[in-house]
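Here this note's numbering is used: position 10 in the sequence shown is 10, and no number is missing along the way. We treat Cβ as the ideally placed atom computed from N, Cα and C, and that holds for glycine. Have a look at the structure below, then the notes.
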Amino acid sequence: MTMKKNLLLLISLMLIISSSVQAKSVIGNQHQQLLLMISNDWQATQGKLYQYEKKQNKWQLIKGSTSVTLGRTGLAWGLGLHDKQVGQYKKEGDGKAPAGIFTLGDAFGYLPDLVTGLTYQAMSKNDYCIDVNGSAYYNQIISSEQLGEDAIKGSSEPMRRDVHLNNDQVYKKGLIINHNSENISGEGSCIFMHVWRSIDKPTAGCTAMEETHITSILQWLDKSKQPIYVALPKAEYLKLKKDWGLPTVK
(Lines of atoms letter the chains of each structure in order from A and count residues from 1; the text may use other names and numbers.)
(Lines give C-alpha, C1' and ligand atoms only; values in the text may rest on other atoms or scores of the structure.)
Protein backbone atom coordinates (compact mmCIF):
# COMPACT_ATOMS: atom_id res chain seq x y z
CA MET A 1 0.00 0.00 0.00
CA THR A 2 2.86 2.36 0.89
CA MET A 3 4.56 1.56 -2.43
CA LYS A 4 1.33 2.35 -4.29
CA LYS A 5 0.99 5.67 -2.48
CA ASN A 6 4.60 6.54 -3.27
CA LEU A 7 4.05 5.68 -6.93
CA LEU A 8 0.95 7.87 -7.12
CA LEU A 9 2.84 10.69 -5.41
CA LEU A 10 5.70 10.34 -7.90
CA ILE A 11 3.31 10.41 -10.88
CA SER A 12 1.56 13.50 -9.49
CA LEU A 13 4.91 15.23 -8.97
CA MET A 14 5.98 14.41 -12.53
CA LEU A 15 2.73 15.82 -13.91
CA ILE A 16 3.20 19.04 -11.93
CA ILE A 17 6.78 19.41 -13.17
CA SER A 18 5.73 18.66 -16.75
CA SER A 19 2.91 21.20 -16.50
CA SER A 20 5.22 23.91 -15.17
CA VAL A 21 7.79 23.26 -17.93
CA GLN A 22 5.07 23.52 -20.58
CA ALA A 23 3.72 26.71 -19.05
CA LYS A 24 6.99 28.53 -19.77
CA SER A 25 6.36 28.19 -23.50
CA VAL A 26 2.76 29.37 -23.43
CA ILE A 27 2.27 32.95 -24.58
CA GLY A 28 0.91 34.87 -21.60
CA ASN A 29 -2.28 36.91 -21.68
CA GLN A 30 -0.27 40.11 -21.27
CA HIS A 31 0.69 39.72 -24.94
CA GLN A 32 -2.32 41.07 -26.84
CA GLN A 33 -0.83 41.39 -30.34
CA LEU A 34 0.87 38.67 -32.36
CA LEU A 35 2.84 38.66 -35.59
CA LEU A 36 3.03 35.02 -36.71
CA MET A 37 5.38 34.02 -39.53
CA ILE A 38 5.25 30.54 -41.03
CA SER A 39 7.69 29.23 -43.64
CA ASN A 40 7.56 25.97 -45.59
CA ASP A 41 10.66 24.53 -43.88
CA TRP A 42 13.95 25.44 -42.18
CA GLN A 43 15.65 26.20 -45.50
CA ALA A 44 12.93 28.51 -46.87
CA THR A 45 13.91 32.10 -47.64
CA GLN A 46 10.29 33.26 -47.87
CA GLY A 47 7.29 32.98 -45.59
CA LYS A 48 3.81 34.27 -44.81
CA LEU A 49 3.09 36.74 -42.01
CA TYR A 50 -0.21 36.93 -40.11
CA GLN A 51 -1.42 39.63 -37.70
CA TYR A 52 -3.55 38.69 -34.70
CA GLU A 53 -5.05 40.53 -31.76
CA LYS A 54 -6.31 38.87 -28.60
CA LYS A 55 -9.99 39.48 -27.86
CA GLN A 56 -11.85 37.67 -25.08
CA ASN A 57 -8.75 35.49 -24.59
CA LYS A 58 -8.81 34.28 -28.21
CA TRP A 59 -6.57 35.25 -31.10
CA GLN A 60 -8.54 37.09 -33.79
CA LEU A 61 -7.08 37.44 -37.27
CA ILE A 62 -6.51 41.09 -38.22
CA LYS A 63 -4.63 40.56 -41.46
CA GLY A 64 -3.25 37.46 -43.09
CA SER A 65 -0.84 36.10 -45.64
CA THR A 66 1.60 38.98 -46.13
CA SER A 67 4.62 37.76 -48.12
CA VAL A 68 7.97 38.20 -46.36
CA THR A 69 11.59 37.37 -47.09
CA LEU A 70 13.82 35.65 -44.53
CA GLY A 71 17.51 34.89 -44.08
CA ARG A 72 19.45 33.80 -47.16
CA THR A 73 20.04 30.38 -45.56
CA GLY A 74 16.60 30.02 -43.97
CA LEU A 75 15.85 29.73 -40.25
CA ALA A 76 17.50 28.47 -37.06
CA TRP A 77 16.36 28.65 -33.44
CA GLY A 78 16.90 32.03 -31.85
CA LEU A 79 17.12 33.21 -28.24
CA GLY A 80 13.75 34.54 -27.12
CA LEU A 81 10.87 33.76 -24.74
CA HIS A 82 10.64 30.09 -25.73
CA ASP A 83 12.26 27.18 -23.92
CA LYS A 84 15.44 25.64 -25.32
CA GLN A 85 14.62 23.61 -28.42
CA VAL A 86 16.31 20.68 -30.15
CA GLY A 87 18.02 21.70 -33.37
CA GLN A 88 20.37 24.24 -34.90
CA TYR A 89 20.67 27.66 -33.25
CA LYS A 90 21.40 30.95 -34.93
CA LYS A 91 24.99 32.22 -34.92
CA GLU A 92 26.55 35.49 -36.04
CA GLY A 93 26.98 35.66 -39.82
CA ASP A 94 25.14 32.42 -40.62
CA GLY A 95 22.52 34.16 -42.77
CA LYS A 96 19.65 32.62 -40.81
CA ALA A 97 16.57 34.34 -39.41
CA PRO A 98 15.79 33.34 -35.80
CA ALA A 99 12.83 31.05 -35.09
CA GLY A 100 10.89 31.13 -31.83
CA ILE A 101 8.94 33.63 -29.71
CA PHE A 102 10.28 37.17 -29.42
CA THR A 103 9.18 40.44 -27.90
CA LEU A 104 9.38 43.52 -30.11
CA GLY A 105 11.54 46.55 -29.44
CA ASP A 106 11.47 50.08 -30.80
CA ALA A 107 10.56 51.17 -34.30
CA PHE A 108 13.27 52.97 -36.27
CA GLY A 109 13.78 54.68 -39.60
CA TYR A 110 15.11 57.51 -41.70
CA LEU A 111 12.19 59.89 -41.15
CA PRO A 112 12.12 62.46 -38.32
CA ASP A 113 8.84 60.95 -37.10
CA LEU A 114 6.62 57.99 -37.92
CA VAL A 115 3.05 56.97 -37.10
CA THR A 116 3.37 53.95 -34.81
CA GLY A 117 2.24 52.66 -31.43
CA LEU A 118 5.83 51.70 -30.65
CA THR A 119 8.54 54.02 -29.38
CA TYR A 120 10.22 55.47 -32.48
CA GLN A 121 13.92 56.17 -32.96
CA ALA A 122 14.88 58.44 -35.86
CA MET A 123 18.27 57.21 -37.05
CA SER A 124 21.19 59.49 -37.91
CA LYS A 125 24.34 58.93 -39.96
CA ASN A 126 26.18 58.26 -36.68
CA ASP A 127 23.97 55.34 -35.61
CA TYR A 128 25.21 51.76 -36.05
CA CYS A 129 24.05 48.35 -34.89
CA ILE A 130 27.08 46.43 -33.66
CA ASP A 131 27.54 42.98 -35.20
CA VAL A 132 31.18 42.59 -34.15
CA ASN A 133 31.91 39.51 -32.01
CA GLY A 134 33.57 40.45 -28.74
CA SER A 135 32.42 44.07 -28.80
CA ALA A 136 31.14 45.54 -25.54
CA TYR A 137 28.25 46.91 -27.62
CA TYR A 138 27.36 43.69 -29.44
CA ASN A 139 23.73 43.58 -30.65
CA GLN A 140 23.10 47.20 -29.64
CA ILE A 141 22.38 50.35 -31.64
CA ILE A 142 24.89 53.01 -30.64
CA SER A 143 26.05 56.42 -31.83
CA SER A 144 29.64 57.09 -32.93
CA GLU A 145 29.02 60.72 -32.03
CA GLN A 146 28.46 59.74 -28.39
CA LEU A 147 30.86 56.79 -28.02
CA GLY A 148 33.55 57.53 -30.60
CA GLU A 149 34.64 55.90 -33.85
CA ASP A 150 36.37 52.98 -32.11
CA ALA A 151 33.01 51.80 -30.73
CA ILE A 152 31.63 51.19 -34.23
CA LYS A 153 34.82 49.80 -35.77
CA GLY A 154 34.11 46.72 -37.88
CA SER A 155 30.32 47.10 -37.87
CA SER A 156 28.59 46.26 -41.15
CA GLU A 157 25.28 47.72 -39.96
CA PRO A 158 24.97 51.49 -40.41
CA MET A 159 21.37 52.36 -39.54
CA ARG A 160 21.32 55.06 -42.23
CA ARG A 161 22.05 52.79 -45.15
CA ASP A 162 20.80 55.48 -47.50
CA VAL A 163 23.72 57.68 -46.42
CA HIS A 164 26.46 55.03 -46.21
CA LEU A 165 25.41 52.42 -48.78
CA ASN A 166 24.40 54.10 -52.03
CA ASN A 167 20.87 55.19 -51.04
CA ASP A 168 19.85 51.75 -49.72
CA GLN A 169 16.25 52.05 -48.47
CA VAL A 170 15.80 48.79 -46.52
CA TYR A 171 16.06 50.50 -43.11
CA LYS A 172 13.80 53.40 -44.11
CA LYS A 173 11.15 51.88 -41.82
CA GLY A 174 11.58 49.00 -39.42
CA LEU A 175 11.38 47.61 -35.92
CA ILE A 176 13.64 45.63 -33.62
CA ILE A 177 13.00 41.92 -33.01
CA ASN A 178 14.38 41.15 -29.54
CA HIS A 179 16.51 38.12 -30.41
CA ASN A 180 19.44 37.56 -28.01
CA SER A 181 18.31 40.31 -25.66
CA GLU A 182 21.20 39.49 -23.29
CA ASN A 183 23.58 40.47 -26.13
CA ILE A 184 25.66 37.28 -25.95
CA SER A 185 28.53 37.66 -28.40
CA GLY A 186 28.32 35.35 -31.39
CA GLU A 187 24.68 34.34 -30.85
CA GLY A 188 23.29 36.66 -33.54
CA SER A 189 22.73 40.40 -33.68
CA CYS A 190 20.77 43.22 -35.27
CA ILE A 191 17.59 41.28 -36.07
CA PHE A 192 14.94 43.55 -37.52
CA MET A 193 11.70 43.65 -39.46
CA HIS A 194 12.19 46.08 -42.34
CA VAL A 195 11.55 47.02 -45.98
CA TRP A 196 12.60 44.39 -48.52
CA ARG A 197 14.53 44.82 -51.75
CA SER A 198 12.21 42.41 -53.56
CA ILE A 199 10.45 39.07 -53.06
CA ASP A 200 13.40 37.20 -54.58
CA LYS A 201 16.12 38.84 -52.45
CA PRO A 202 16.48 37.27 -48.98
CA THR A 203 18.06 39.03 -46.01
CA ALA A 204 21.09 38.44 -43.80
CA GLY A 205 18.78 37.21 -41.02
CA CYS A 206 15.92 39.70 -40.75
CA THR A 207 12.27 39.51 -41.82
CA ALA A 208 11.51 41.91 -44.68
CA MET A 209 8.45 42.97 -46.68
CA GLU A 210 7.04 45.63 -48.97
CA GLU A 211 7.12 49.16 -47.54
CA THR A 212 3.32 49.43 -47.56
CA HIS A 213 3.09 46.35 -45.32
CA ILE A 214 5.72 47.44 -42.79
CA THR A 215 4.03 50.87 -42.68
CA SER A 216 0.68 49.24 -41.89
CA ILE A 217 2.20 46.96 -39.24
CA LEU A 218 3.97 49.86 -37.52
CA GLN A 219 0.71 51.81 -37.40
CA TRP A 220 -1.13 48.80 -35.94
CA LEU A 221 1.38 47.78 -33.27
CA ASP A 222 0.76 49.12 -29.77
CA LYS A 223 3.52 48.73 -27.16
CA SER A 224 0.92 48.77 -24.35
CA LYS A 225 -0.38 45.46 -25.78
CA GLN A 226 3.10 43.90 -25.47
CA PRO A 227 3.24 42.57 -29.04
CA ILE A 228 5.28 39.49 -29.88
CA TYR A 229 6.70 37.91 -33.01
CA VAL A 230 6.61 34.15 -33.57
CA ALA A 231 8.56 32.63 -36.46
CA LEU A 232 8.38 28.90 -37.24
CA PRO A 233 8.64 26.46 -40.12
CA LYS A 234 5.27 24.81 -40.80
CA ALA A 235 6.14 21.45 -39.20
CA GLU A 236 7.32 23.13 -35.98
CA TYR A 237 4.23 25.36 -35.93
CA LEU A 238 1.95 22.31 -36.11
CA LYS A 239 3.93 20.57 -33.36
CA LEU A 240 4.09 23.55 -30.98
CA LYS A 241 0.79 25.27 -31.77
CA LYS A 242 -1.14 23.85 -28.81
CA ASP A 243 1.59 24.23 -26.17
CA TRP A 244 2.43 27.76 -27.29
CA GLY A 245 -1.22 28.81 -27.52
CA LEU A 246 -0.96 29.83 -31.17
CA PRO A 247 -3.97 30.44 -33.41
CA THR A 248 -4.99 28.08 -36.20
CA VAL A 249 -3.91 29.43 -39.58
CA LYS A 250 -6.52 28.71 -42.23
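- Excluding sequence positions up to five before and after Asp-106, its CB lies within less than 8 Å of the CB of Leu-118, Thr-119, Tyr-120, Gln-121, Leu-175 and Ile-176, all in the same chain and listed in chain order.
- Scanning its chain for C-beta atoms nearer than 6 Å, with the 5 sequence neighbours on each side dropped, one finds around Lys-54 the residues Gln-32, in chain order.
- Sixteen is the threshold: since fewer than 16 other Cβ atoms of the shown chains lie within 10 Å of the Cβ of Gly-186, the residue is exposed.
- Runs of the beta strand (DSSP E) lying entirely within the region 66-130, each at least 3 residues long, are 75-77, 97-109, 120-122 and 127-129 in chain order.
- Counting C-beta pairs closer than 8 Å gives fewer than three between the region 154-167 and the region 193-201, which falls short of the contact rule.
- Counting of Cβ neighbours within 10 angstroms places Glu-149 among the exposed residues, the total staying below 16.
- Within the DSSP bridge table, the entry for Pro-233 names Ser-39 as partners.
- Put simply, of Ser-65, Leu-232, Glu-211 and Ser-124 the residue whose alpha carbon is nearest the alpha carbon of Gln-85 is Leu-232.
- The DSSP-derived three-state label of Lys-223 is helix.
- For the options Ser-189, Thr-66 and Val-132, the alpha carbon positioned closest to that of Ala-97 is the one of Ser-189.
- A distance below 6 Å between beta-carbons, with the five flanking residues on each side excluded, links Asn-126 to the following residues of its chain, in chain order: Ser-143, Ser-144 and Glu-145.
- The three-state reading of DSSP puts Ser-185 in coil, since its state is none of H, G, I, E or B.
- In this structure Ser-124 is exposed. Its beta-carbon is surrounded by fewer than 16 other beta-carbon atoms within 10 angstroms.
- Using a 10 angstroms sphere on the CB of Val-68, the tally of other CB atoms reaches 16 or more, which defines it as buried.
- Setting aside the 5 residues that flank it on each side, Gly-64 is surrounded in the same chain by Tyr-50, each with a C-beta closer than 7 Å to its C-beta; the list follows chain order.
- When DSSP states are grouped into helix, strand and coil, Ile-217 belongs to the helix group.
- For Ser-144, no beta strand (DSSP E) encloses it; the enclosing alpha helix (DSSP H) starts and ends at 144-147.
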